[in-house]
Every structure is written in structure tokens, then in C-alpha cells.
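Have a look at the structure below, then the notes.
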Amino acid sequence: MVFTIPISVILLLLGLHIHQTFALTFSTPGTRDAASTEYTKDDVFKQAVLNVTNTYRKQHNATSLKWNDTLAGVAEKWSERCVFEHSGGPTGENLSSGYANASASIVVWGNERTIYDFKKGEFSKATGHFTQLVWKSTTSVGCGRTECNGKSGKKAPGWFVVCEYYPHGNVIGSFIQNVQTQVSEDEQPDGASDPAVPTTTSGGANPSETAKECPQGGDCSGSWRVEGGFGAVWVAVLVGWIIGI
């Protein structure tokens, strides 16, 4: 039997404050091309997500994430709504929509590292997607996608990608130890590197510029900011019980 407890109830009991942020930029849709196999084939989509995600993580001295089918199921179900907004669930969550393939959808989050202040080590709405992507304490990811081709309002443009992360990142007071500056190749953890990922921090495009170039219209990203401490540990315990991780 699965019990569901609203995250708002958990947070109320623990006295935590969660802030959800996202950015959405539309551009004029261009001629629609055939969908990438990274979207249309489950195994190719999964591998693209892991390859790009773990390339960024190894560049920032974080271990590779494992694919979690439970998280992927949650993400897929949420993407099917085709509404660009957060689920409000207990895991970390990034959203992206309107990119040519799954790799590009994740690279836009990674490109935020070009403006992240590693020395300061604080949460920023402009870089929260990158910090969740490489958050060292996160161990698993699951993503889903739906071809939405939004028409108006909150409808997501093109293919809508949703990724869920566990344990969630962006915990206030834990950025310095969880978001490390890029390390040299010989210092990086073992693993292959995806060629879609820039090899240097300065090599990525500005996120806003990338969004303008998106042919189907969008830089749609989301992240959690959590004020942590002792309570955050109990959130992790409760989340694991709720979603069976």
C-alpha cells in the first residue's frame, strides 16, 4: 500500500521553507523538424540524459547519477500535462521545453555555470538548475518527456522534459561542499564524456542566448531552494518512505 502525504504538510511539520523558481523564454517557432530519437526512443532518451548529466557532474567532481524508474515515472506523468509549471513534489526538479533533443534540453541547465559564483556558493534563480544538476549529494535521477507543442498560456512548447532528482539539491548552507568548481580532466571521476557538453566552464553559451536560438521556443527550467539543517535530514527520510526510494 502506498501512502501519499502532501509535501506542504511535511514542510509545515518541519518548519522548512521551500522556494520554487523557473525561467521561461519563448521565441518564434520555426519549421518543425522530425523529432530526435532522443525523444522518440526510450532507451536513447535515458542514455542521453545520463550521458550529458554525468559529464557535467564529472567535470565538477561529482559522482555519476543512477537512473531511477520511480522518479522517471513521476516525471513522465507530470510532463504529460504539458503545462509548464512545477509539480510541487518532494524531489529536486528541473524543467526544459522546446529544444531539438534531450541533450540540448540538459545542456541549457549546465550552461548556467558560466554565471555561477563558486566562491560565494549561494542559491540564485539564474543558476539553480545547474547547481541541482551537479549537486554532489544527489545520487539518482529519472526523467520523462512529452511532445506538447504548446499553443498558448502555460502550454509547454515543443518537447517538454521533466527531470526529478533524489536526494534534492539546492539546500541552503550546503552549496560550497556540493557545487565544486570545474576540475582538470586528470582529477575527474572515471567515466565517458559526452561531446555535447562544453569542456570548459567558459565554453558554454549564455542561457538566455541559448533560449533565443531555440527553434521551437523555450528555455524552461526549474529548481528547488531548500533552507536546510537538521530538518532537511528528516525530509530525506520521509521522501524515501513516500516514493519508495
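Numbering (mature numbering (1 follows the signal peptide of the UniProt record, and there is no 0)) for the sequence shown: -23 to -1, 1 to 222.
Ideal Cβ positions, reconstructed from N, Cα and C, are used throughout, including at glycine.
Residue i burial status per 10 Å Cβ neighbour count (16 or more: buried)
{"i": "Gly83", "result": "It should be pointed out that residue 83 corresponds to Ile in this sequence rather than to Gly. Burial call: buried."}
{"i": "Gly130", "result": "exposed"}
{"i": "Glu70", "result": "buried"}
{"i": "Glu89", "result": "buried"}
{"i": "Ala81", "result": "buried"}
{"i": "Gly7", "result": "In this prediction, Gly7 has a pLDDT of 33, which is less than 50 and means its spatial position is unreliable; what the coordinates show is noted afterwards. Exposed is the call here."}
{"i": "Pro184", "result": "Reliability of the predicted coordinates at Pro184 is poor, the pLDDT of 41 falling under 50, and the value obtained from them is presented with this limitation in mind. Buried: at least 16 other Cβ atoms inside 10 Å."}
{"i": "Thr123", "result": "buried"}
{"i": "Ser161", "result": "exposed"}
{"i": "Thr108", "result": "buried"}
{"i": "residue 237", "result": "This structure cannot settle anything about residue 237, because the visible part of the chain is limited to -23 through 222."}
{"i": "Thr14", "result": "exposed"}
{"i": "Thr104", "result": "buried"}
Residue i, DSSP secondary structure in three states
{"i": "Arg122", "result": "strand"}
{"i": "Gly150", "result": "coil"}
{"i": "Trp55", "result": "helix"}
{"i": "Gly69", "result": "strand"}
{"i": "Trp112", "result": "coil"}
{"i": "Tyr93", "result": "coil"}
{"i": "Leu117", "result": "Looking at the sequence shown, residue 117 is not Leu but Ser. Ser117: strand per DSSP, three-state reduction."}
{"i": "Lys102", "result": "coil"}
{"i": "Lys35", "result": "helix"}
{"i": "Lys23", "result": "helix"}
Nearest-angstrom Cβ-Cβ length linking residue i and residue j, presumed shorter than 8 Å
{"i": "Val165", "j": "Gln36", "result": "Residue 165 is actually Gln in this sequence, not Val. Yes, they are in contact, since the Cβ atoms of Gln165 and Gln36 sit about 6 Å apart, within 8 Å."}
{"i": "Cys125", "j": "Cys140", "result": "Not really, about 16 Å apart at Cβ, beyond 8 Å."}
{"i": "Ile149", "j": "Phe100", "result": "6 Å"}
{"i": "Gly146", "j": "Trp112", "result": "3 Å"}
{"i": "Ala133", "j": "Ala79", "result": "Ala133 to Ala79, Cβ: 14 Å. No contact."}
{"i": "Thr116", "j": "Lys43", "result": "7 Å"}
{"i": "Gly87", "j": "Val174", "result": "6 Å"}
Residues that residue i bridges to, as DSSP identifies them
{"i": "Val60", "result": "Lys132"}
{"i": "Ser74", "result": "Phe137"}
{"i": "Tyr16", "result": "In the DSSP output, where bridge partners are listed per residue, Tyr16 has none listed."}
{"i": "Trp44", "result": "Val118"}
Min CB distance residue i to chain C below 8 Å
{"i": "Glu99", "result": "Chain labels in this structure do not include chain C; a single protein chain is all it has."}
When the options are compared against residue i, the one with the closest alpha-carbon
{"i": "Asp171", "options": "Thr32, Gly66, Glu53, His63", "result": "Thr32"}
{"i": "Thr47", "options": "Phe107, Ala103, Gly127, Tyr142", "result": "Tyr142"}
{"i": "Leu72", "options": "Val138, Leu27, Val60", "result": "Val138"}
{"i": "Thr177", "options": "Thr14, Phe152, Arg34, Gln24", "result": "Arg34"}
{"i": "Gly168", "options": "Lys23, Asn38, Ile92", "result": "Asn38"}
{"i": "Tyr93", "options": "Tyr16, Phe22, Ala12, Gln159", "result": "Gln159"}
{"i": "Phe22", "options": "Phe152, Leu110, Ala77, Phe61", "result": "Ala77"}
{"i": "Phe61", "options": "Ser74, Val29, Leu110", "result": "Ser74"}
{"i": "Gln29", "options": "Pro144, Ser151, Val85", "result": "Reading the sequence as shown, one finds Val at residue 29 and not Gln. Taking only the C-alpha atoms, the option nearest Val29 is Val85."}
{"i": "Thr40", "options": "Gly135, Leu110, Phe152", "result": "Leu110"}
{"i": "Val156", "options": "Asn45, Glu57, Lys97", "result": "Lys97"}
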